[in-house]
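> Here full-length UniProt numbering is used: the first residue of the sequence shown is 1, the next is one more, and so on.
Built from N, CA and C at the ideal position, the CB exists for glycine as well.
As the structure is a prediction and not an experimental result, all values here were calculated from the model.
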Amino acid sequence: MFLMETRANENSRDCPEDYEMENVGKGVLFMLEVFRSFVDAIKLMDLELKGKKFTWFSNPRNGFITRERLDRVLVKWEWREVFSNAILMAIPAVSSDHSLLVVNMEPKARGKREFKFETFWRDHEECSELIKRKLG
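#1: Would you be able to state if there are at least three C-beta pairs under 8 angstroms between the region 67-78 and the region 41-56?
#2: Should Trp121 go down as buried or exposed, given a rule of 16 or more other Cβ atoms within 10 Å for buried?
#3: Using DSSP with H/G/I as helix, E/B as strand and the rest coil, what is Ser12?
#4: Using the beta-carbon count (16 or more within 10 Å), is Thr119 buried or exposed?
#5: Could you compute how far the alpha carbon of Ala8 sits from the alpha carbon of His98?
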């Protein structure tokens with residue numbers, strides 16, 4: 001189960017952590033506490049966002065742009081254990097002030113890097129000796 005929280009209107013600024021906001025008025029603190037209590041009560045966790053820090057930005061006002069992480073994916077601990085490799089990424093906003101959130105359930109595992117031999121290495125005495133020892 002996962003829930004995706006988005007900004008519904010001007011009065012619903014729910015961000016679990018203060019560091020996820022920039023240039024935001026102090027009037028939102030009460031709503032933040034209500035949201036935090038709700039998340040704790042139903043035992044949800046915020047899926048960690050990789051890459052971008054913020055998911056929403058405002059129109060410039062008085063020379064300031066407000067940026068917040070409003071959009072998030074909340075999951076149960078049991079879900080996280082089952083999908084331990086899942087990664088949450090934010091796609092840059094194009095025609096909206098919100099970034100699109102994408103949960104990648106099966107991220108690519110890092111494989112071994114392929115060894116590439118460069119023929120010019122034979123021209124260097126140190127490399128030539130190493131190649132002879134290793135390859136026979």
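So, from the listed chains and residues:
#1: Result yes; three or more Cβ-Cβ pairs closer than 8 angstroms.
#2: exposed
#3: Note that Ser12 scores a pLDDT of 38, beneath 50, so its modelled location is shaky; the value from the coordinates is reported in the next line. In the structure shown, Ser12 sits in coil (DSSP, three-state: anything other than H, G, I, E or B).
#4: exposed
#5: Because the pLDDT of Ala8 is 37, which lies under 50, any placement of that residue in the model is unreliable, and the question is left without a value.
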